[in-house]
Amino acid sequence: MTMNRRHTLTGLAATGLGLMLAPHALAQGNSSLAAIKQRRVLRVGVTQAPPWYSKDPRTGEWSSGLGVSMGKSMANALGVKFEAVEVTWGTAIAALQSNKIDIMYMMDATPERAQAVDFPKAPLLFYSLAVLARDDLNVSTWEDLNQASVRIAVPQASSMDRFLSENVAKANIQRFPGNPEAIAAFQAGRADAVCLFHPPLLAARQRLGRGKIIVPTPAQSQPSSAAVRREDNKDFLAFVDDALLTHYKSGQTQKWYEEFLVGFGLDPKASPPVMKEML
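Using our numbering, you'd call the opening residue of the sequence shown number 1410 and step up by one each time.
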């Protein structure tokens, strides 16, 4: 499933897509690909969000996370340096538009965002709707949760809330303002499970030291992507598209994800994969 990283990078460079890059329509008319090559730096937006990005508190370096690994790989394929630029999920689009960063991984290609930035056709990865459940709760399907005796915590008015309301309506659905409050209800024993897309549950499971993460069947998965600046010249977009597809199909994306989980103290075998083919 995996591919030698050097082989992967060589393949990306050999596509010819790594010959020109740039950050959006610069005053000089350069493309993002050309500007990155001229600057010799690929600026990647980062924010503290394991397993995607993680800053080492001792050094202040953005040293781990799937997005960091992928950014370093793309920079290496282009023959430039990797530079982490701290943003937030809410400011990443503006950072791309103002030419402060060149790419932001783990941005879902929503219709609203697609009006402001470009997204490659190839998915970055897939993440799934999951539950962090009591260790003794027998769950393998959504129907297992669809009973009045099961208390499920969920952020109110979220996509998770909508799915539960439509498909697990018999359960005792407890709605909270946000992720932290829903997780706190599970931690306090006021809920038998908490339902979120699986990445936030990884950190919750690691922090709580109990519970099991399950992707009930039928799996509800959706792709995530990488946002780049919108411009007439699509060379950088084409490079990113090819890189994401190569990393995903070779299994390298899943490998980087599992490497972070191990470093974070989690067992990859007990965590949902980010390839839908593995669910």
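Here a beta-carbon is modelled for each residue, glycine too, at the ideal position from N, C-alpha and C.
Just how far apart, CA to CA, sit residue i and residue j?
| i | j | result |
| --- | --- | --- |
| VAL1477 | GLN1596 | 30 angstroms |
| ALA1679 | ARG1599 | 24 angstroms |
| PHE1486 | VAL1603 | Reading off the sequence shown, one finds Ala at residue 1486, where the question assumed Phe. ALA1486 and VAL1603: Cα-Cα distance of roughly 40 angstroms. |
| PRO1682 | PHE1585 | 27 angstroms |
| LYS1446 | GLY1674 | 37 angstroms |
| ALA1493 | PHE1606 | 26 angstroms |
| LEU1430 | ALA1501 | Its pLDDT being 35, under 50, LEU1430 is placed unreliably by the model, and nothing is read from it. |
| PRO1609 | GLY1587 | 12 angstroms |
| PRO1432 | ALA1484 | For PRO1432, the predicted model reports a pLDDT of 36, less than 50, meaning its position is unreliable; a value from the coordinates is still stated below. Whole-angstrom Cα-Cα distance: 14 angstroms. |
| PRO1529 | VAL1450 | 21 angstroms |
| ARG1571 | VAL1455 | 29 angstroms |
| ALA1612 | SER1473 | 15 angstroms |
| PRO1677 | GLU1668 | 8 angstroms |
| SER1633 | ASP1465 | 25 angstroms |
| ASN1581 | PHE1535 | 28 angstroms |
| LEU1646 | VAL1563 | 36 angstroms |
| SER1574 | ALA1444 | 48 angstroms |
| TRP1498 | ALA1628 | 26 angstroms |
| LEU1475 | ILE1510 | 18 angstroms |
| ILE1512 | ALA1539 | 28 angstroms |
| MET1515 | ALA1635 | 6 angstroms |
| GLN1615 | GLY1672 | 12 angstroms |
Let me check one thing: in DSSP terms, what residues is residue i bridge-paired to?
| i | result |
| --- | --- |
| VAL1603 | LEU1541, ALA1562 |
| ASP1527 | VAL1637 |
| GLN1661 | In the DSSP output, where bridge partners are listed per residue, GLN1661 has none listed. |
| VAL1455 | GLU1495 |
| SER1463 | SER1473 |
| ASN1547 | Paired residue(s): none; ASN1547 is not in a bridge. |
| LYS1621 | ALA1542 |
| TYR1514 | ALA1635 |
What whole-angstrom Cβ distance do residue i and residue j have, given they're in contact under 8 angstroms?
| i | j | result |
| --- | --- | --- |
| SER1630 | SER1537 | 4 angstroms |
| VAL1548 | ARG1639 | Their Cβ separation, rounded to whole angstroms, is 42 angstroms, which puts VAL1548 and ARG1639 out of contact at 8 angstroms. |
| LEU1533 | LEU1653 | 5 angstroms |
Could you give the DSSP three-state label for residue i: helix, strand or coil?
| i | result |
| --- | --- |
| THR1468 | coil |
| SER1568 | helix |
| PRO1632 | strand |
| VAL1450 | strand |
| SER1507 | coil |
| GLY1587 | coil |
| PHE1535 | strand |
| ASN1581 | strand |
Are any of the Cβ atoms in chain B nearer than 7 angstroms to that of residue i?
| i | result |
| --- | --- |
| THR1662 | Going by chain labels, chain B is absent from the structure shown, which holds only one protein chain. |
Worksheet item: Are there three or more Cβ pairs, one per stretch, closer than 8 angstroms when the segment 1608-1624 is compared with the segment 1459-1470?
Response: yes
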